[in-house]
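Novice:
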Amino acid sequence: MATNKCVTVLTPNGRRSNIKISPNSTILQVLEEVCQKYDFNPDEYDLKHYNQILDVNLIFRYSNISNNASLEMVKCKNPRKVSNVGICIQLENGDRLTGEYFPNVNITTILQDLNIQYNTNSAVIIYTQREICGKDFETVTLRSLGLGSGKALFRLLERNPDTLKDQAHVYVPSKSKVSKPNENEDDKVRPKPVMDPNKSTVLNPISIIKAKKEHLQTSNDTQKAKETENKITTPLCSTNLNKEIENENENAMEIHENDEPMPNKTVKEEIKEPPIEFLGERNALLFNQAGAEAIDQDDIPDDFFDLTVNDAKILLRDVKRMQSMLEDAPLITAAQRELEENKTKLNILHKYQQAVIRIQFPNQFVLQGLFGPLETVQSIKDFIKTYLEHPEEDFVLYTSPPRCDLVADKHLFDQNLVPTAIIYYSGSSDLKLEVKSKLTDPTIASTQAVKTR
Numbered sequence: 001m002a003t004n005k006c007v008t009v010l011t012p013n014g015r016r017s018n019i020k021i022s023p024n025s026t027i028l029q030v031l032e033e034v035c036q037k038y039d040f041n042p043d044e045y046d047l048k049h050y051n052q053i054l055d056v057n058l059i060f061r062y063s064n065i066s067n068n069a070s071l072e073m074v075k076c077k078n079p080r081k082v083s084n085v086g087i088c089i090q091l092e093n094g095d096r097l098t099g100e101y102f103p104n105v106n107i108t109t110i111l112q113d114l115n116i117q118y119n120t121n122s123a124v125i126i127y128t129q130r131e132i133c134g135k136d137f138e139t140v141t142l143r144s145l146g147l148g149s150g151k152a153l154f155r156l157l158e159r160n161p162d163t164l165k166d167q168a169h170v171y172v173p174s175k176s177k178v179s180k181p182n183e184n185e186d187d188k189v190r191p192k193p194v195m196d197p198n199k200s201t202v203l204n205p206i207s208i209i210k211a212k213k214e215h216l217q218t219s220n221d222t223q224k225a226k227e228t229e230n231k232i233t234t235p236l237c238s239t240n241l242n243k244e245i246e247n248e249n250e251n252a253m254e255i256h257e258n259d260e261p262m263p264n265k266t267v268k269e270e271i272k273e274p275p276i277e278f279l280g281e282r283n284a285l286l287f288n289q290a291g292a293e294a295i296d297q298d299d300i301p302d303d304f305f306d307l308t309v310n311d312a313k314i315l316l317r318d319v320k321r322m323q324s325m326l327e328d329a330p331l332i333t334a335a336q337r338e339l340e341e342n343k344t345k346l347n348i349l350h351k352y353q354q355a356v357i358r359i360q361f362p363n364q365f366v367l368q369g370l371f372g373p374l375e376t377v378q379s380i381k382d383f384i385k386t387y388l389e390h391p392e393e394d395f396v397l398y399t400s401p402p403r404c405d406l407v408a409d410k411h412l413f414d415q416n417l418v419p420t421a422i423i424y425y426s427g428s429s430d431l432k433l434e435v436k437s438k439l440t441d442p443t444i445a446s447t448q449a450v451k452t453r
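Per UniProt numbering, residue 1 is the first one in the sequence shown, and the count goes up by one each step.
Below, the structure is given as structure tokens:
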């Protein structure tokens, strides 16, 4: 979304007003600004885009309204009434506090009413994609966030506001080094070094696999090149002379094997992987999602999202292809449709022999394990019980969004948990202390998940 975005509003008296907006601006803010200019009551009017009446609580980020769009003020059928807003604040420890408040109430009043202690310099509330710092709590009201009614969920974090723009679990490729003219050609063939996971740097699982493949491919290419050079450069000699040359080469190879390797020769460097300590069966790993290190990510320029002529041609081609497929598709019976569904299921079962399941707890601990696609949800519950302090207490597993409780008797394939899935734990029992002491780096868990797939 462009930084200098604005919309044009046509008022009932025939005047047009240009209003500057941001991605976090609401429809109600634009309506109130126009009504303030021309002395209208904002509770008696709505904004219309083409033939659609816009929700006044909608944010422009999610409204699909283009830049310089034309809006029109129309009379409401019924005057707008303001009602209380249900607010739920989620803390870092997983607790949630709820209450109902008037839209004109600011965030500071809500936190004081719920008896939430926070530091003004480091407290941050996240709502949708908007970050509100602690020093702005007194000036930001629920109405300014587009909350005139309904319910909303806020996340309260204790973070440095400058570090919130860094995304976690994002890989940034390292800059390629410029090769110097004095470097040997054999050094260029060697694979690029992979970051050490024991250090503070972040290790990407995909780069490890790519580095291994490049290393094997380059070593095979160099061996084939040497064999072809030897075949071309060897002169046509008699059989006795060839035998003598071969004997000399064998003796030379034995001498070089006993000696130390030359510095100019390529040495196969094996990529050492860190030792992984599994918790138990199913290659179980436990890691803290909040402890993942953030990586700087370069912003994508605005021209990347511009629609080019080639993009328009591709979209038009896909639409025509889809239209022809729908029009020319033959009619099939219910038995044929069921047969096609069974074929797709068998193909997926043949393709994925194992499923990587991650169980996320309210305290941001994640338990990872491997399961078969034909196993039931009950096997996951039995797997979780081995790591709980009170395994006899019942709990619920669900997926989100939207929330869907998992049925214990159904297979993982029927619950759309293959090949990977993130499910959430809802229960009173916590993980054992001895299990929490065996935390794993999140990057190592991601590496194992990629290898399994």
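For each residue, glycine too, the CB sits at the ideal point set by N, CA and C.
Since residue 7 and residue 16 should fall inside the 8 Å C-beta cutoff, what is the C-beta to C-beta distance between them, to a whole number of angstroms?
Specialist: The Cβ separation is near 11 Å, so there is no contact.
Novice: Contact between the stretch 370-379 and the stretch 345-361: three or more CB pairs below 8 Å?
Specialist: yes
Novice: Just reading off the alpha helix (DSSP H) that residue 376 is part of, what are its end residues?
Specialist: Unbroken run through residue 376: none, as it is neither H nor E.
Novice: Where do the N-terminal and C-terminal ends of the alpha helix (DSSP H) with residue 450 fall, by residue?
Specialist: It spans 442-452 - the alpha helix (DSSP H) in which residue 450 sits, taken as one unbroken run.
Novice: If we ignore side chains and look at the alpha-carbon of each, how far apart do residue 365 and residue 288 end up?
Specialist: 5 Å
Novice: What does DSSP give as the partner residues of residue 85 in its beta bridges?
Specialist: 101, 150
Novice: Are there three or more Cβ pairs, one per stretch, closer than 8 Å when the stretch 396-410 is compared with the stretch 332-348?
Specialist: Verdict: no, contact absent.
Novice: Residue 439 to residue 362, Cα distance in whole Å?
Specialist: 16 Å
Novice: Nearest-angstrom Cα distance between residue 311 and residue 5?
Specialist: 24 Å
Novice: Per DSSP, which one or two residues make a beta bridge with residue 46?
Specialist: 74
Novice: Rounded C-beta distance between residue 76 and residue 46? I'm assuming under 8 Å.
Specialist: 5 Å
Novice: Please list, in chain order, all residues of the same chain as residue 420 whose beta carbon is under 6 Å from its beta carbon, the five residues on each side excluded.
Specialist: 356
Novice: Suppose the cutoff is 7 Å on Cβ atoms and the five residues either side in sequence are ignored; what does the same chain contact list for residue 24 look like?
Specialist: 59, 61, 130
Novice: Excluding the 5 residues preceding and the 5 following residue 426 in the sequence, name in chain order all residues of the same chain whose CB lies nearer than 7 Å to its CB.
Specialist: Taking residue 426 as the centre and dropping the five residues before and after it, the same chain places the C-beta of 395, 396, 398 closer than 7 Å to its C-beta, in chain order.
Novice: Could you please give me the residues that DSSP links to residue 430 through a beta bridge?
Specialist: DSSP lists no bridge partner for residue 430.
Novice: Just verifying my parser: in three-state terms, what is the DSSP assignment at residue 435?
Specialist: In the three-state scheme derived from DSSP, where H, G and I count as helix and E and B as strand, residue 435 is classed as helix.
Novice: Run through DSSP, which three-state label would residue 26 get?
Specialist: strand
Novice: Where does residue 139 fall in DSSP's three states?
Specialist: coil
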